[in-house]
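Step one of this worksheet: look at the structure below.
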Amino acid sequence: MAKKAFKSESKRLLDMMIHSIYTHKEIFLRELVSNASDSIDKLYYIALTDDNITFNKDDYYIRIETDEKNRTLTISDTGIGMSKEELEENLGTIAKSGSFDFKSDLEHEEDHDIIGQFGVGFYSAFMVADKVTVISKKYGEEDAYKWESEGADGYTVTKSAKDEVGTKIILTLKSNADEENYDEFLSEYTIRRIIKKYSDYIRYPIKMMVKKSRPKPGTEGEGKTPEYEDYFEDETLNSMVPIWRKNKSELKDEDYNNFYKEKFFDYDNPAAVIHTSADGITSYKALMFLPARAPYDYYSKDFEKGLALYANGVLIMDKCADLLPDCFSFVKGLVDSADLSLNISREMLQHDRQLQIIAKNLQKKIKSELIKLMKDDRETYEKFYSGFGRQLKFSVYNEFGREKELVQDLILFYSIKEKKLVSLKEYIEKMPEDQKFIYYACGESNEKIEKLPQTELVKDKGYDILCFTDDIDEFAIKMLGKYEEKEFKSVSSGDLGFETEAKQEESEENKEIFLFMKDALGDKVKDVKASTRLKSHPVCITSGGELSIEMEKVLNSMPA
Ligand code: ADP
Ligand code: MG
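What follows is the structure, encoded as structure tokens:
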């Protein structure tokens, strides 16, 4: 039978998987188990929300089987299954989730980076198998179908037989080569270890027949040496308690990190973990993560914010945007609440009071965690800030400043005096008694700003200056207006806000030359006069109005 070709993008990913030198090949099991769990979620959801269906919790499970002789590893689920079209669509085409942007320079990236960074999904099976067979029967349909592929040259879909609704994935493991031992994926010990490591929290039992040993009847007793016999027993390998329902004391950093990396497709550990719960009028458990760095699409329109939303342990939405304000759009995580209805629709959620209360609480929590991180682990905070600081600053003036309360304590600027990043609070705390304003200077880089003639007088007064090198910095503080009653002042503004000697005389004395200069410069300047702000530099440019020179530059560069 003629093989169908994979879509070209899928083929590239597949090629990568087949030739993978990635050292953590074991994640293929995590991916397949997570797909199985997703598919059960879908069916479970239908069963819970449709009164016409009765369901039995015991009917939902994942099973792992090995066959040493044929070198196969089988993962089956009692989930929703796939129709013929879905087999083609879902397995012949790379997930449309956009987790993989092929327009980016994929070829230049290291193979293992890609694999670790994204949820590579189903195709990861090809890291360990040279043949993958998927037999599936979709819920509500008569026929079952078989999808089969031996790699990049294509796949076939044929009619098949299967009694139960669900999916069965059979991997024929690769032969052991040089450094690789694929046989280990047939070992109960290895499978047990991988499931514990990545999939312990999966809500459905992951079952396997395991070999056990017991004394032979009649060989036990005083004075006898018992003889043992092997027998098989069905065992559930995972604890099934979702990590967010466990006690913090039971959990190690590693547990959180593994969960985060697996669930949110990051290959770095998170910068911070927020595990919190509330009981009372509104009860919920939330597990949130601050990524250590921005995902590749963070500053693009493709990025979707949101927390996963569970109603009493059942996933009802992958990304609930209403749970996160824009300023904290980088937060990953989930909320599980007993107070939400399973049938709640997206539209209803927006107006749900419980949800709004939860969202408010979480905002506060995220803010306080970030402040704590800033104080207790500055290095990590600054690393985090280098990725998300722009978003925080942007949020000061985004949404008409509605989020500024949340972010004003979190933004950092480079301080000329301290020679490091400081928060506005830290700046204010170190202000001399007589200083009235928060001074800043705009420029391309901290080094260039430090050399600006306009900074000299302010420095001489013993006042610190914040360097604004990002084009949004000045907009942000203009929106802020003031911080703890202190207004911001640009070192280039006409009035620096402290006494300087009158230079009226000098202007008079040099009237001639100033007139000449103004004439020569024409429209380029408004006025030429003796400056009160220069020390070692002969001349500087000042802006007369509200906007600083830097800000005008930004405005002028914007398309009309
Ligand atoms: P993702 O899980 O991110 O969507 P995958 O590559 O892991 O991407 O899977 C692709 C798609 O194939 C899934 O979205 C799902 O529709 C389908 N799929 C994979 N495994 C199963 C399964 N065991 N049961 C039903 N559908 C599945
Ligand atoms: Mg998947």
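Reminder that position 105 of the sequence shown reads as 676 in my numbering, one-by-one numbering, no gaps.
In this text, a Cβ means the ideal position worked out from N, Cα and C, and glycines have one as well.
Beta-bridge partners of Ile1036, as assigned by DSSP: Residue mapping note: residue 1036 aligns to position 465 of the sequence shown, counting from 1. DSSP output for Ile1036 lists Tyr1010 as bridge partner(s).
Cβ-heavy atom distance, Tyr802 to the ligand ADP, below 7 Å: As a first step, residue 802 is located in the sequence shown; it is residue number 231 there, counting from the start. Result no, Cβ not under 7 Å from the ligand ADP.
Selected residue, minimal CA-CA separation from Lys856, among Asp837, Ile814, Leu585 and Leu981: As a first step, residue 856 must be located in the sequence shown, where it is residue number 285. Measuring from the Cα of Lys856, the nearest candidate turns out to be Ile814.
Pairwise C-alpha distance: Asp609 and Asn747: Taking the sequence shown and counting its residues from 1, one reaches residue 747 at position 176. Taking the sequence shown and counting its residues from 1, one reaches residue 609 at position 38. Those two C-alpha atoms are separated by around 31 Å.
For review: beta carbons within less than 5 Å of any heavy atom in the ligand ATP: Only the ligand ADP and the ligand MG can be found as ligands here, which leaves the ligand ATP out of the picture.
Of the residues Ile617, Glu597 and Gly692, the one placed nearest Ser581, counting alpha carbons only: Within the sequence shown, residue 581 is the residue found at index 10, counting from 1. Considering only alpha carbons, the answer is Gly692.
Unbroken beta strand (DSSP E) run spanning Arg634, endpoints: In the sequence shown, residue 634 corresponds to position 63, counting from 1. If you look at Arg634, you'll find it in the beta strand (DSSP E) that goes Ile633 to Asp638.
Close-in-space but distant-in-sequence residues of the same chain around Leu963 (CB under 8 Å, 5 per side omitted): Here residue 963 corresponds to residue number 392 of the sequence shown, with the count starting at 1. Cβ within range, chain order: Cys898, Tyr956, Val978, Leu981 and Ile982.
Proximity below 8 Å, CB of Gly567 to CB of Asp701: Because the chain here runs from 572 to 1131, residue 567 falls outside it and cannot be looked at.
Sufficient close CB pairs (3 or more, under 8 Å) joining the segment 925 to 937 to the segment 843 to 856: A contact between stretches requires three or more CB pairs, one per stretch, nearer than 8 Å, and the segment 925 to 937 meets this requirement with the segment 843 to 856.
4 or more residues per run - each alpha helix (DSSP H) lying fully within the segment 960 to 1013: Within the segment 960 to 1013, the runs of alpha helix (DSSP H) that reach at least 4 residues and sit entirely inside it are, in chain order, 975 to 978 and 995 to 1000.
Own chain, CB closer than 8 Å to Ile624, minus 5 neighbours either side, in chain order: If you number the sequence shown from 1, residue 624 lands on position 53. For Ile624, same chain residues with a beta-carbon under 8 Å away, outside a window of 5 residues either side, are Ile617 and Ala618 in chain order.
Three or more C-beta pairs below 8 Å linking the segment 820 to 832 and the segment 784 to 794: The segment 820 to 832 makes no contact with the segment 784 to 794: fewer than 3 CB pairs, one atom from each, lie closer than 8 Å.
Tyr952 - DSSP class collapsed to helix/strand/coil: Stepping through the sequence shown from its first residue, residue 952 is reached at position 381. Shown here, Tyr952 sits in a helix according to DSSP, grouped into three states.
Sufficient close CB pairs (3 or more, under 8 Å) joining the segment 757 to 769 to the segment 589 to 608: Taking 8 Å as the limit for Cβ pairs, the verdict is that the segment 589 to 608 does touch the segment 757 to 769.
Assigned exposure category for Thr727 - 16 Cβ within 10 Å defines buried: On the sequence shown, position 156 is the one that residue 727 refers to. For Thr727, the number of other beta carbons within 10 angstroms of its own is below 16, and it is reported as exposed.
According to DSSP, residues forming a beta bridge with Val906: Mapped onto the sequence shown, residue 906 falls at position 335. Note: Val906 sits in a beta bridge opposite Ala857 and Leu880.
Minimum Cβ-Cβ distance from Glu597 to chain B less than 8 Å: No chain B is part of this structure, which consists of one protein chain only.
Ile1036 versus Ile999, Lys1049, Ile852 and Ile1043, residue with shortest Cα-Cα distance: Locating residue 1036 in the sequence shown gives position 465, where the first residue counts as 1. With respect to the C-alpha of Ile1036, the residue from Ile999, Lys1049, Ile852 and Ile1043 having the closest C-alpha is Ile999.
Per-residue DSSP class, three states only, for Glu597: As a first step, residue 597 must be located in the sequence shown, where it is residue number 26. Reduced to three states, the DSSP call for Glu597 is coil.
Meets three-Cβ-pair contact criterion under 8 Å: the segment 582 to 595 and the segment 631 to 638: No: fewer than three Cβ pairs fall under 8 Å.
Ile1020, enclosing alpha helix (DSSP H) - first and last residue: As a first step, residue 1020 is located in the sequence shown; it is residue number 449 there, counting from the start. In the DSSP annotation of this structure, the continuous segment of the alpha helix (DSSP H) that includes Ile1020 starts and ends at Asn1017 to Glu1021.
Inter-residue Cα distance where the pair is Gly1052 and Phe1008: For the purposes of this step, residue 1052 is identified with residue 481 of the sequence shown, where counting begins at 1. For the purposes of this step, residue 1008 is identified with residue 437 of the sequence shown, where counting begins at 1. Each residue's alpha carbon lies about 11 Å from the other.
Proximity test, Gly652 beta-carbon vs the ligand ADP heavy atom, cut-off 7 Å: In the sequence shown, residue 652 corresponds to position 81, counting from 1. Gly652 Cβ: within cutoff of the ligand ADP.
C-beta atoms of Phe697 and Met780 nearer than 8 Å: In the sequence shown, residue 697 corresponds to position 126, counting from 1. In the sequence shown, residue 780 corresponds to position 209, counting from 1. Cβ distance not < 8 Å, so Phe697 and Met780 don't count as in contact.
Glu678 to Tyr867 span [Cα, whole Å]: Here residue 678 corresponds to residue number 107 of the sequence shown, with the count starting at 1. Here residue 867 corresponds to residue number 296 of the sequence shown, with the count starting at 1. Only weak support is given to the placement of Glu678: the predicted model assigns it a pLDDT of 45, under 50, and the value that follows is read from those uncertain coordinates. Distance between Glu678 and Tyr867, taken at the CA atoms: about 16 Å.
heavy atom of the ligand ADP below 7 Å from Ser610 C-beta: Within the sequence shown, residue 610 is the residue found at index 39, counting from 1. In this structure, Ser610 has its CB closer than 7 Å to one or more heavy atoms of the ligand ADP.
Secondary structure of Ile706, DSSP reduced to three states: Locating residue 706 in the sequence shown gives position 135, where the first residue counts as 1. In this structure, Ile706 counts as strand in the three-state DSSP scheme.
With 16 other Cβ atoms within 10 Å as the buried cut-off, status of Ala573: To locate residue 573, count along the sequence shown from 1; it is residue 2. Exposed, by the Cβ-count rule.
7 Å Cβ shell around Ala1131 - same chain, five flanking residues per side excluded: Against the sequence shown, residue 1131 aligns to sequence position 560. Note that Ala1131 scores a pLDDT of 47, beneath 50, so its modelled location is shaky and nothing firm can be said.
Glu1027 versus Gly1065: straight-line alpha-carbon distance, rounded: Sequence index remark: in the sequence shown, residue 1027 carries index 456 (1-based). Sequence index remark: in the sequence shown, residue 1065 carries index 494 (1-based). Taking the straight line joining both Cα atoms gives about 15 Å.
Residue span of the alpha helix (DSSP H) that contains Val1029, given as start and end: Taking the sequence shown and counting its residues from 1, one reaches residue 1029 at position 458. Glu1027 to Asp1031 is the extent of the alpha helix (DSSP H) around Val1029.
Where Lys890 falls: helix, strand or coil (DSSP): Here the question's residue 890 lines up with position 319 in the sequence shown. If DSSP states are grouped into helix, strand and coil, Lys890 belongs with the strands.
CB of Cys1013 within 8 Å of CB of Glu1058, strictly: As a working mapping, residue 1013 is identified with position 442 in the sequence shown. As a working mapping, residue 1058 is identified with position 487 in the sequence shown. Using a Cβ distance threshold of 8 Å, Cys1013 and Glu1058 do not count as a contacting pair.
Between the CA atoms of Thr664 and Lys578 - distance to the nearest angstrom: Here residue 578 refers to the residue found at position 7 when the sequence shown is read from its first residue. Here residue 664 refers to the residue found at position 93 when the sequence shown is read from its first residue. For Lys578 and Thr664, the gap between their C-alpha atoms comes out near 6 Å.
Ile929 vs Val906 beta-carbon contact at 8 Å: On the sequence shown, residue 929 is found 358 positions in, with the first residue counted as 1. On the sequence shown, residue 906 is found 335 positions in, with the first residue counted as 1. Annotated as proximal: Ile929 and Val906, with beta-carbon spacing under 8 Å.
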